[in-house]
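In the numbering used here, the protein residues as written are 130 to 432. Accompanying notes for the structure given below.
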Ligand SMILES: [Fe+2]
Ligand SMILES: [Fe+2]
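Structure representation (structure tokens):
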């Protein structure tokens, strides 16, 4: 399904590719979220876009708020929507808990585990790239935290570096937001996490929770927040007046290279798209020498 990798520039093709999706917020019976948003339909559109990428990702990561109320039926609906797509793409699905989730139902109805209120954590080996799932949720609350036990566990995991380094996936991002409501619901005591990450092989942090795409650094580690599939925040307003809208949904395409990791925002839209570039065009370029390619595609006419 993937086109043969080509290298026209100085970087070899990415070693790993991850699809980063967030905040699906499904409800039992597909009740409209907030009386307005068809979360199942919006997830379906996102998954269609993921399949349209024409790639076989190394993983599909969902960074929390998988359901809106933690209802068992909503987790069953989520698997019903996502698992067939993941199977067709040959990719593992990595689930992260969010503040809208309920740990017991998530374990039982999504992960086929014994229900318990313990944090939902895990370590995945994506052929040398380690992905660590943290659980920043606090049962009964919407703000985030990481307790001593989970931080100690993380410290132990990170004590041994992985061949291609480590990516953390968590719901609450360790970043500020310019929107006041998110400060109330932030990840608390972030310096404790920063302390654990110092001098480790963590190369990126994937997060959600904000329902808009943003990025920053935390303890020197790049942080990338994917927007939501359900609804997004209308950022074209003053911070105090930001509210949700049924538009602007997107997910992230994460490319892991030897020396860097990129996070491309993929808009989920129905828009007329030009058809100039194609596999045939790439083949034509691949048949040229590097100097011929520059002449054919970089040279400005008449200069
Ligand atoms: Fe959310
Ligand atoms: Fe959240």
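Don't be surprised by glycine CBs; every beta carbon is placed ideally from N, CA and C. Keep in mind it's a predicted model, so treat the numbers as computed, not measured.
Item	Value
Residue 299, DSSP secondary structure in three states	coil
Residues near ligand 2, criterion Cβ-heavy atom distance below 5 Å	194, 227, 228 and 338
Which listed residue (289, 252, 172 and 284) has its alpha carbon closest to that of residue 221	252
Heavy atom of ligand 1 within 7 Å of residue 357 beta-carbon	yes
Residue from 189, 168, 409 and 371 whose Cα sits closest to the Cα of residue 309	371
Buried versus exposed call for residue 154 [16 or more other C-beta atoms within 10 Å across all chains shown]	buried
Any non-hydrogen atom of ligand 1 within 7 Å of residue 388 CB	no
Residue 238 vs residue 205 beta-carbon contact at 8 Å	yes
Nearest-angstrom Cβ-Cβ length linking residue 301 and residue 338, presumed shorter than 8 Å	5 Å
Any non-hydrogen atom of ligand 1 closer than 7 Å to residue 340 Cβ	yes
Close beta carbons around residue 172, own chain, < 6 Å, minus the five adjacent residues each side	153, 210 and 358
Distance, residue 142 Cα to residue 314 Cα	38 Å
Distance between residue 268 and residue 130 (C-alpha atoms, nearest Å)	Below a pLDDT of 50, predicted positions are generally treated as unreliable, and residue 130, at 41, falls in that range; no measurement from the model is reported.
Which listed residue (189, 246, 386 and 284) has its alpha carbon closest to that of residue 293	386
Sequence-distant residues of the same chain with beta carbon closer than 7 Å to residue 311, five excluded per side	339
Same chain only: Cβ atoms within 7 Å of residue 233, ignoring 5 sequence neighbours per side	244, 245 and 246
Residue closest to residue 146, alpha-carbon to alpha-carbon, out of 360, 382, 160 and 271	382
Where residue 270 falls, given that 16 or more other Cβ within 10 Å makes a residue buried	exposed
Pair within 8 Å by beta-carbon distance, residue 283 and residue 192	no
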